[in-house]
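Here the structure comes first, spelled out in structure tokens, and everything after it is commentary.
Residue numbers (the working numbering): 31 to 469.
The structure is reproduced here in structure tokens:
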């Protein structure tokens, strides 16, 4: 079986590489000539553990190839995945211009039966709009070939995407006909030999399942952040509360960790897109709207805690920031709390010394202009600092040498934006500790 993946971003590259690892012939297509040139040389455009060696291996063995034109491979494939970006547009609307551009190209090039699968996160109804655009192109050319559609949303976690793809807890597939069902079953069978769990449904339901899943997880995070702020005001410890809640099997522990807010390419965008989709048909998603509002406010909390101790005017102050990516094991800074925190600190006059194990090069491009220094190590970032702000819970930050930290810093304030430290231990060592929801 041969497949094409259009789009070599995070989803497309992981999807194509993992399918190739299972023995399929995969053509990855992208209009970015520089990116394709780099991929052909084994240079991947993102940081994802375990991905680079798989790309090189499967490219070397001839199962994975990279192309700038769909015309180079569309005649050789039975299935084509659309995995291009759907960034947030005006008022949270999903921007579908790239999805539709691929649709139009398929209509201009398709010559034989094809299953087209939307892998991009798209609002309900988009897959059928893609089909109509392809059919319009076929009619304009006088071509009559079988076209079926499917929707196959991704549920990958950045930092664990390869593992998630190879051992999924479920695969959601929306189909419109038997050809789609049969091909998708064949495609995913190698991944689920021991626990075959492909959940088939209609296409609109599969499109909405993706948004619903991310919105539920985002809701849990924002709920815990609101609860943490209440606990802190009342002198309670949200970490104890979290353990008590998580012991209830109906609730569980996943995504009950308060912090400095969520970021990334999915949660912020998908929450807003879901709300926008509802508004378009006259409905109001009151809970979801508040989830986004709470998250935006939470991102300002670490800087507010710094100013609570050091004053609102931070001129002459040096603030060390550990962690810039929105989560560990990625260099992705889309919607990362660090973007808001550094802007707040800089606006108040502070000088920022930042360190991240993977995201420094990304940070140089996206952090706000101001007095920012990027350190080579976590400890270098601490030199002369009045405060340390922890924003991403990378493993190397979990157990620092606090004696060395104290020697390097000028001040003694630690703002723990992910609650990974034990407050009593830091206070006994002579630090002023501020967590999230730890009164």
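The C-beta atom is built at its ideal place from N, Cα and C for all residues, glycine as well.
Query: Residue 432 - containing alpha helix (DSSP H), residue span; Result: 432-438
Query: At least 3 beta-carbon pairs within less than 8 Å: the region 234-254 vs the region 320-331; Result: yes
Query: Residue 215, enclosing alpha helix (DSSP H) - first and last residue; Result: 208-218
Query: Supposed contact pair residue 129 and residue 152 - C-beta distance, whole angstroms, cut 8 Å; Result: 6 Å
Query: Cβ neighbour criterion (16 or more within 10 Å) applied to residue 73; Result: exposed
Query: Residues near residue 295 by beta carbon distance below 6 Å, same chain, minus five either side; Result: 364
Query: Cut-off 7 Å between Cβ atoms - residues of its own chain near residue 119, not counting five sequence neighbours on either side; Result: 125
Query: Helix, strand or coil at residue 446 according to DSSP, with G and I counted as helix; Result: strand
Query: Any non-hydrogen atom of the ligand SAM within 6 Å of residue 398 CB; Result: You won't find the ligand SAM in this model; it holds no ligand whatsoever.
Query: 4-residue-minimum alpha helix (DSSP H) runs that sit fully inside the region 366-443, ordered along the chain; Result: 367-377, 390-396, 432-438
Query: Span of the alpha helix (DSSP H), counted from its first residue to its last, around residue 140; Result: Unbroken run through residue 140: none, as it is neither H nor E.
Query: Identity of the residue in 75, 375, 348, 371 nearest residue 414 by Cα; Result: 348
Query: Cβ pair residue 416, residue 381 closer than 7 Å; Result: no
Query: Rounded separation between residue 306 and residue 433 - CA only; Result: 50 Å
Query: Collapsed DSSP secondary structure at residue 38 in the structure displayed; Result: coil
Query: Beta-carbon proximity of residue 272 to residue 286, cut-off 7 Å; Result: yes
Query: Host beta strand (DSSP E) of residue 452 (start-end); Result: Per DSSP, residue 452 belongs to no beta strand (DSSP E) and is neither H nor E.
Query: Cross-strand partners of residue 468 (DSSP beta bridge); Result: 267
Query: CA-to-CA distance, residue 358 to residue 454, given in whole angstroms; Result: 25 Å
Query: Residue 386 beta carbon less than 7 Å from that of residue 418; Result: no
Query: Residue 160 to residue 297 span [Cα, whole Å]; Result: 24 Å
Query: Runs of beta strand (DSSP E) wholly within the region 104-133 (minimum 3 residues, chain order); Result: 109-112
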